[in-house]
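K.L.:
Residue numbers (my numbering): 17 to 436.
We put the CB at the ideal spot given by N, CA and C, even for glycine.
Before I ask anything, here is the structure I am working with.
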């Protein structure tokens, strides 16, 4: 690096000397510097830079003494909130693989994932109105089926971080006086300088997914603000600043019609895909009766989520256990699990009325609590391996006590039976 710096300084000195020779009409000296000395120095500089690049590629270098365009782009991305596209993956590849990536986190909602992916691709291909948000969706369905999880997965993949999800709980806006908090308090009121809870966040992070959770609970004046947002893609806050929403994805979730969905699937012998269209028409019709026509007319897509079955719950158990494994890896503890353990946890956490949320509670009670006690007692230490398995059915043993957490030490196993 010092050699490169000295060669660059020598090149600068030769350029100055060459300019001075040209001003004095000393053409012989200028030609000697330009076609002799300068070319030689440039060749030496190329060789020195090539040797440095080869040294870095070898993996032996720990530090860099120069700032690259990627470093500058990362800093600008951090300051502005504008995502830095992954250099290993083009935007086109990202959009083509969108459904596959979303399915890794959202289980069983094929229709919902496909509808979201199609709308995002239409916008990115330039077929949508550039003066409106990227896309606007209304997610409807029972609790715990993946509505919020799909929004998180979409933010994490499109904008490279889950922090790009702006979540607004509409139960906080049930009163008329709370509506102004979205765009900021009017002049003379407390909180005028702070800005709105919606507009200020999007102004600072223009590339984001905005989630309006449980939209049916909001006061009807909230929809007056959303009309302008959905139609023009912008809002003016209380301080007169125009905030653009043209780079945001708007998602509204609602539990409207969830009883229709559960009853329809409970009273039919057909598959979920066969009755999906009938079920969707019923739920959307109920939403049209609940919300104003001008609001419903501005939403790009209505997406109805289906209840989860036992097979999908098993996949969710595996996803949740993988997250537990990732957290334990930070403590240098490894965890393995058998297929029988997954089936047991899925059976204990399966409830079609509550979706995947009981699964989290079961894993907390039967897995995380026992591992936490083992760590605190000193039974589980760094570099240990834990195995989740099930105890074969015994009449005297309650179902909740059939999960067994084993710690592997060399060839021996110390078994700790998980309590209810």
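#1: Short check: CB of residue 124 to CB of residue 324, under 7 Å?
#2: Which same chain residues, not among the five before or five after residue 50, have their C-beta less than 8 Å away from its C-beta?
#3: Out of curiosity, what's the CA-to-CA distance linking residue 346 and residue 339?
#4: Express the C-alpha separation of residue 401 and residue 427 in angstroms, rounding to a whole number.
#5: Roughly how many whole angstroms lie between the Cα atoms of residue 294 and residue 134?
#6: Can residue 334 and residue 349 be called in contact, C-beta distance under 7 Å?
#7: Check residue 112 in the structure and name its three-state DSSP category.
#8: Assuming residue 169 and residue 112 are in contact, meaning their beta carbons sit under 8 Å apart, how far apart are those beta carbons, in whole angstroms?
#9: With a threshold of 8 Å on Cβ separation, who are the neighbours of residue 191 within its own chain once the five nearest residues in sequence on each side are excluded?
#10: Measure from the alpha carbon of residue 327 to the alpha carbon of each residue in 387, 365, 309, then state which is nearest.
#11: What would DSSP say about residue 250, mapped onto helix, strand or coil?
#12: For residue 307, name the three-state secondary structure that DSSP assigns.
#13: Please state if the CB of residue 299 and the CB of residue 273 are separated by a distance shorter than 7 Å.
#14: Report the three-state DSSP secondary structure of residue 235 (helix, strand or coil).
#15: When you compare only the Cα positions, how much space is there between residue 319 and residue 302?
#16: Using DSSP with H/G/I as helix, E/B as strand and the rest coil, what is residue 280?
#17: Pull up the DSSP beta-bridge partners for residue 242, would you.
#18: How is residue 379 classed by DSSP in three states: helix, strand or coil?
#19: For residue 147, which residues from the same chain have a beta carbon less than 7 Å from its beta carbon, with the 5 sequence-adjacent residues on both sides left out?
#20: Give a yes or no on whether the C-beta atoms belonging to residue 84 and residue 371 are separated by under 7 Å.
#21: Between which two residues does the alpha helix (DSSP H) holding residue 2 run?
#22: Given a cut-off of 7 Å, decide if residue 265 and residue 151 are closer than it, judged by their beta-carbon atoms.
#23: Pull up the CB-CB distance for residue 24 and residue 61, whole angstroms please, since I reckon it's below 8 Å.
#24: Could you tell me which residues DSSP puts in a beta bridge with residue 258?
#25: With a threshold of 7 Å on Cβ separation, who are the neighbours of residue 385 within its own chain once the five nearest residues in sequence on each side are excluded?
#26: Using the C-alpha atoms, what's the distance from residue 184 back to residue 233?
#27: If contacts are defined as beta-carbon pairs under 8 Å, then residue 242 and residue 311 qualify, I think. What distance do you get, rounded to the angstrom?
#28: Just to confirm my understanding: we take residue 127, look at its own chain, exclude 5 residues before and 5 after, and list those with CB closer than 7 Å. What are they?
#29: Give the DSSP bridge partners of residue 269, in chain order.
#30: Going by DSSP in three states, residue 18 sits in which element: helix, strand or coil?
#31: When you compare each of 305, 69, 199, 376 to residue 257 by their alpha carbons, which one comes out closest?
#32: Label residue 259 either buried or exposed according to how many other C-beta atoms from any shown protein chain fall within 10 Å of its C-beta, with 16 as the threshold for buried.
#33: Looking at residue 196 and residue 231, is the spacing between their C-beta atoms short of 7 Å?
#34: Between the C-alpha atoms of residue 204 and residue 214, what's the straight-line distance to the nearest angstrom?
#35: May I have the straight-line CA-CA distance separating residue 144 from residue 177, to the nearest angstrom?
P.N.:
To lay it out plainly:
#1: In the chain shown, counting from the first residue as 1, residue 124 sits at position 108. In the chain shown, counting from the first residue as 1, residue 324 sits at position 308. Yes. Within cutoff.
#2: For the purposes of this step, residue 50 is identified with residue 34 of the chain shown, where counting begins at 1. Same-chain partners within the cutoff: 34.
#3: As a working note, residue 346 is residue 330 in the chain shown. As a working note, residue 339 is residue 323 in the chain shown. Inter-residue distance for residue 346 and residue 339 is about 11 Å (C-alpha atoms, whole angstroms).
#4: Counting from one through the chain shown, the residue named residue 427 turns up at place 411. Counting from one through the chain shown, the residue named residue 401 turns up at place 385. Residue confidence is low: residue 427 scores 39 on pLDDT, short of 50, so the model does not pin down where it sits. No coordinate-derived value is stated.
#5: Indexing the chain shown from 1 puts residue 294 at position 278. Indexing the chain shown from 1 puts residue 134 at position 118. About 22 Å.
#6: Here the question's residue 334 lines up with position 318 in the chain shown. Here the question's residue 349 lines up with position 333 in the chain shown. Against a cut-off of 7 Å, the Cβ pair of residue 349 and residue 334 comes out as no contact.
#7: Position 96 of the chain shown, counted from the first residue, corresponds to residue 112. Three-state DSSP puts residue 112 in a helix.
#8: Position 153 of the chain shown, counting from 1, holds the residue named residue 169. Position 96 of the chain shown, counting from 1, holds the residue named residue 112. About 16 Å; that fails the 8 Å criterion.
#9: As a first step, residue 191 must be located in the chain shown, where it is residue number 175. If we look at residue 191 and ignore the five residues flanking it on each side, its Cβ neighbours are 235.
#10: Translated into positions along the chain shown, residue 327 becomes position 311. Of the listed residues, the one whose Cα sits closest to residue 327 is 365.
#11: Your numbering for residue 250 matches position 234 in the chain shown. Here residue 250 sits in strand by DSSP.
#12: For the purposes of this step, residue 307 is taken as the residue at position 291 of the chain shown. The DSSP-derived three-state label of residue 307 is coil.
#13: The sequence position of residue 273 within the chain shown is 257, counting from 1. The sequence position of residue 299 within the chain shown is 283, counting from 1. Their beta carbons are under 7 Å apart, which means residue 273 touches residue 299 by this criterion.
#14: Sequence index remark: in the chain shown, residue 235 carries index 219 (1-based). Secondary structure at residue 235: coil, using DSSP grouped into helix, strand and coil.
#15: By one-based count along the chain shown, residue 319 stands at place 303. By one-based count along the chain shown, residue 302 stands at place 286. Straight-line measurement puts the Cα of residue 302 at about 13 Å from the Cα of residue 319.
#16: Your numbering for residue 280 matches position 264 in the chain shown. DSSP places residue 280 in helix when its eight states are reduced to three.
#17: If you number the chain shown from 1, residue 242 lands on position 226. According to DSSP, residue 242 bridges with nothing at all.
#18: As a working mapping, residue 379 is identified with position 363 in the chain shown. The answer is helix: DSSP assigns residue 379 an H, G or I state.
#19: Taking the first residue of the chain shown as 1, we reach residue 147 at position 131. So the list reads 248, 249, 262, once near-sequence residues are dropped.
#20: Stepping through the chain shown from its first residue, residue 84 is reached at position 68. Stepping through the chain shown from its first residue, residue 371 is reached at position 355. Result no, Cβ atoms of residue 84 and residue 371 do not sit closer than 7 Å.
#21: The shown model of the chain, from 17 to 436, leaves out residue 2, and the question about it has no answer.
#22: On the chain shown, position 135 is the one that residue 151 refers to. On the chain shown, position 249 is the one that residue 265 refers to. Between residue 151 and residue 265, the CB-CB gap stays under 7 Å.
#23: Walking along the chain shown from the start, residue 24 turns up at place 8. Walking along the chain shown from the start, residue 61 turns up at place 45. Right, the Cβ-Cβ distance comes to about 7 Å (below 8 Å), so this counts as a contact.
#24: The residue given as residue 258 occupies position 242 in the chain shown. As computed with DSSP, residue 258 is found in a beta bridge with 252.
#25: Locating residue 385 in the chain shown gives position 369, where the first residue counts as 1. Contacts found: none.
#26: Numbered from 1 along the chain shown, position 217 holds the residue referred to as residue 233. Numbered from 1 along the chain shown, position 168 holds the residue referred to as residue 184. Going by the C-alpha atoms only, they are around 12 Å apart.
#27: Against the chain shown, residue 242 aligns to sequence position 226. Against the chain shown, residue 311 aligns to sequence position 295. At roughly 7 Å, the Cβ-Cβ gap stays under 8 Å, so residue 242 and residue 311 are in contact.
#28: Working through the chain shown from its first residue, we reach residue 127 at position 111. Cβ neighbours of residue 127 within its own chain (closer than 7 Å, five residues either side excluded): 292.
#29: Here residue 269 is taken as the residue at index 253 of the chain shown, counted from 1. Answer is 155.
#30: Within the chain shown, residue 18 is the residue found at index 2, counting from 1. In the three-state reduction of the DSSP assignment, residue 18 falls in the helix class.
#31: Working through the chain shown from its first residue, we reach residue 257 at position 241. Considering only 305, 69, 199, 376, the residue with the shortest C-alpha distance to residue 257 is 199.
#32: In the chain shown, counting from the first residue as 1, residue 259 sits at position 243. Buried, since its Cβ has 16 or more Cβ neighbours within 10 Å.
#33: Stepping through the chain shown from its first residue, residue 231 is reached at position 215. Stepping through the chain shown from its first residue, residue 196 is reached at position 180. For residue 231 and residue 196, no; Cβs fall outside 7 Å.
#34: For the purposes of this step, residue 204 is identified with residue 188 of the chain shown, where counting begins at 1. For the purposes of this step, residue 214 is identified with residue 198 of the chain shown, where counting begins at 1. Those two C-alpha atoms are separated by around 20 Å.
#35: Numbered from 1 along the chain shown, position 128 holds the residue referred to as residue 144. Numbered from 1 along the chain shown, position 161 holds the residue referred to as residue 177. So the alpha carbons of these two residues sit roughly 24 Å apart.
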